[in-house]
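Participant: Take this structure, written in structure tokens, and hold onto it; I'll ask about it next.
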Ligand SMILES: [Mn+2]
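Residue numbers (our numbering): 976 to 1301.
And the structure:
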């Protein structure tokens, strides 16, 4: 088949640091400054974009200096998201905190994130609501919490209507249960908010943790015109492993890439890895090579044969087509 989309690649700046885990918080290698991380990212062939958190990685004080360096290195800011998971005061929730004063602080942090993103020439903000969920039964006022979430999202999305916001769902971690936990919950909330500029970032590892099939979730979001962004990685499905892209679930990733191309997804493909023990540059390079190889494998499949096998739900023919292409 002939592929019709041209992917653009980005990566998170966070995982070029030390990548500590909860047992060894300082990680298994030395942390390096942001400037050095950007130089490493720029040395990866095919990467154009970088994602940041505000204010932990990109803020009012370092903006000018980092953007000048990125211009020199030929890099763009792909996304700036609020560092909602980095604050003690948000431990019981950010945009859904039961205390209206703390919700207000979270909303203000998102607005400052948007201001900073736009100064950096970027019009997209990922909202991963890490602290928003619960650990215990009876901990949550369910009668109110969905309203708080919808009102908070309505306020931040109307702050700048030409800025796009992506809900990044995750079934659990750091909370035992997240409120925005799946593709279905995300779409229901987006529909309730009713803002054109609110969509979804599917983090593939999060979808896998929730037992979703990647292609099914992505096409559902695409058909609703709500797939705004993708975080690429892989996982064993029980935890947010953030492994090298397509290192575990090859066929599911291949199916995803087929449908993204078929339905014309043209957003960023951004690597969100967490290489505790691997060199982050090498892990990103191998992820990108895996992605490009899967696209190449798709070109070896006869489109008519594939369409006809899908049409007939002919799983034995599909198995043969995939095996031959692989
Ligand atoms: Mn992610």
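Note that beta-carbon positions come from the ideal geometry of N, C-alpha and C, so glycine has one too.
Give, in chain order, every unbroken run of the beta strand (DSSP E) that is at least 3 residues long and sits entirely within the stretch 1220-1298.
Facilitator: Whole beta strand (DSSP E) segments, 3+ residues: 1243-1246.
Participant: When you compare each of 1050, 1195, 1066, 988 to residue 1250 by their alpha carbons, which one comes out closest?
Facilitator: Sequence index remark: in the chain shown, residue 1250 carries index 275 (1-based). Residue 1250 has its Cα closest to that of 988, out of 1050, 1195, 1066, 988.
Participant: Between residue 1228 and ligand 1, is the CB less than 8 angstroms from at least one heavy atom?
Facilitator: The count along the chain shown starts at 1 and reaches residue 1228 at position 253. Not under cutoff, so the answer is no.
Participant: Less than 8 angstroms separating the Cβ of residue 1181 from some heavy atom of ligand 1?
Facilitator: Against the chain shown, residue 1181 aligns to sequence position 206. Yes, Cβ of residue 1181 sits closer than 8 angstroms to a heavy atom of ligand 1.
Participant: Closest by CA to residue 1298, which one among 1226, 1279, 1051?
Facilitator: By one-based count along the chain shown, residue 1298 stands at place 323. With distances taken between Cα atoms, residue 1298 lies closest to 1226.
Participant: Quick check on the DSSP output: the alpha helix (DSSP H) that includes residue 1131 runs from which residue to which?
Facilitator: The count along the chain shown starts at 1 and reaches residue 1131 at position 156. Per DSSP, residue 1131 belongs to the alpha helix (DSSP H) from 1117-1134.
Participant: Rounding to the nearest angstrom, what Cα-Cα distance links residue 1029 and residue 1300 in this structure?
Facilitator: Your numbering for residue 1029 matches position 54 in the chain shown. Your numbering for residue 1300 matches position 325 in the chain shown. Residue 1029 and residue 1300: Cα-Cα distance of roughly 43 angstroms.
Participant: If you draw a straight line from the alpha carbon of residue 1120 to that of residue 1153, how long is it in whole angstroms?
Facilitator: Numbered from its first residue, the chain shown carries residue 1120 at position 145. Numbered from its first residue, the chain shown carries residue 1153 at position 178. In a straight line, the C-alpha of residue 1120 is about 12 angstroms away from that of residue 1153.
Participant: For residue 1231, collect the residues of the same chain with a Cβ closer than 8 angstroms to its Cβ; drop the 5 residues on either side in sequence, then sort them by chain order.
Facilitator: Indexing the chain shown from 1 puts residue 1231 at position 256. Cβ neighbours of residue 1231 beyond the five flanking positions: 1179, 1189, 1190, 1193.
Participant: Applying the criterion that 16 or more other CB atoms from any shown protein chain within 10 Å of the CB defines a buried residue, is residue 1159 buried or exposed?
Facilitator: Taking the chain shown and counting its residues from 1, one reaches residue 1159 at position 184. Residue 1159 should be labelled exposed.
Participant: Smallest Cα separation from residue 1045: which of 1077, 1062, 1125, 1012?
Facilitator: The residue you call residue 1045 lines up with position 70 of the chain shown. Comparing Cα positions, the closest option is 1012.
Participant: Helix, strand or coil: how does DSSP classify residue 1046 here?
Facilitator: The sequence position of residue 1046 within the chain shown is 71, counting from 1. Helix at residue 1046.
Participant: Could you spell out where the beta strand (DSSP E) holding residue 1060 opens and where it closes?
Facilitator: Residue 1060 sits at position 85 when you count from the first residue of the chain shown. No beta strand (DSSP E) contains residue 1060, which DSSP labels as neither H nor E.
Participant: Helix, strand or coil, according to DSSP, for residue 1144 in the structure here?
Facilitator: Here residue 1144 refers to the residue found at position 169 when the chain shown is read from its first residue. Of the three classes helix, strand and coil, the one that applies to residue 1144 here is coil, per DSSP.
Participant: Since residue 978 is in the beta strand (DSSP E), which residue starts that stretch and which ends it?
Facilitator: As a first step, residue 978 must be located in the chain shown, where it is residue number 3. Run containing residue 978: none; DSSP gives neither H nor E here.
Participant: Kindly indicate the opening and closing residues of the alpha helix (DSSP H) around residue 1024.
Facilitator: Your numbering for residue 1024 matches position 49 in the chain shown. No alpha helix (DSSP H) contains residue 1024, which is instead part of the beta strand (DSSP E) from 1022-1029.
Participant: Please classify residue 1163 as buried or exposed, where buried requires at least 16 other C-beta atoms within 10 Å of its C-beta.
Facilitator: Taking the chain shown and counting its residues from 1, the one referred to as residue 1163 is at position 188. Exposed, since its Cβ has fewer than 16 Cβ neighbours within 10 Å.
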